[in-house]
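Comments concern the structure below.
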Amino acid sequence: MAAMDGLVWTKERREPRRRAPSVERFVTRAVAIADAEGVDAVTMRRVAKDLGSGTASLYRYIAGRDELLDLMIDAVQGENAPPEPSGDWRADLGVYAGALRAVLLRHPWLGAALTGRPALGPHSLRRYDTVLAAAGTLTPDATLAALAVDTVTAYVLGSVGGEIAELQASRRTGMTEDEWRASVSPYIREVVDGGEYPHFSRRIIEADDQPPGRAFEFGLTCVLDGLAARIPRGT
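Once you know that position 67 of the sequence shown is 55 in the numbering used here, the rest is easy, because the numbers rise by one and skip nothing.
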């Protein structure tokens, strides 16, 4: 019971915040800090300082950093909300995946936050409920529908994780991907010329690099094809 009493969403239902605009202001600033500097930069003191408030004033509305992070996650989960299901499960799951990718790229810290325990805020639950309804047009089996959604979500998180890692590497090193490629090209030429890794060499010489968006769509198509083959409609 103590754990439930400490859950921010339980408190929200039991006693709605009397000064919601103040909470929204704190959360908006915290999200901006996380977007620019990473989630580790978000502290109660930092948020209050940026807004010209005392830390004590923030604690009047938000119990602590963990609660603030829960509010941040739910706030950004409200962006790019998927539309109501159209009846075409494949199209709907594709829209869900694309919308989630956009939110994750806009807020690079979010992916790691979503890989732990499920987010339980109203925006998060609404997103999940909507995509479960979409998967329900593929199969009436609740377990299979949930597995289908989880599979698509895992693909999006993994795919976008690679994109975010590249963005973070560029920020950390001060080199763009093209600049990094140029810096390692002499070594790559040596590897290719050495002939020790023929399949890698063929990939370097013959394969075309695809932009992230196109690679994402290809992988998503493979995932959806797999779901269609594994879960015959109506199963």
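The beta-carbon is built from N, C-alpha and C at its ideal position, and this holds for glycine as well.
- Within the segment 183 to 213, complete beta strand (DSSP E) segments of at least 3 residues are not found at all.
- When C-beta atoms of the segment 123 to 134 are compared with those of the segment 71 to 82, three or more pairs fall below 8 Å, so the two segments count as touching.
- Our two residues, GLY42 and ARG33, have alpha carbons roughly 8 Å apart in a direct line.
- Nearest to GLU151 by C-alpha distance, out of GLN198, ARG190 and ARG53, is GLN198.
- Scanning GLY162, PRO96, VAL137 and ARG48 for the CA closest to the CA of ALA22 turns up PRO96.
- Membership of GLU72 in any alpha helix (DSSP H) is not indicated, and neither H nor E is assigned to it by DSSP.
- Annotation: the continuous alpha helix (DSSP H) that includes HIS111 extends over 110 to 123.
- In the structure shown, VAL15 falls within a helical segment according to DSSP collapsed to helix, strand and coil.
- Exclusion of the five residues before and after ALA107 leaves ILE61 as the residues of its chain whose Cβ lies within less than 6 Å of its Cβ.
- When the Cα atoms are used, PRO186 and ILE192 turn out to be separated by approximately 10 Å.
- The beta carbons of GLU72 and THR118 sit about 7 Å from each other, so the pair counts as a contact at 8 Å.
- CA-CA distance, ASP213 to LEU88, rounds to 19 Å.
- Nearest C-alpha to ARG218 among TYR143, ALA133, VAL179 and ALA170: ALA133.
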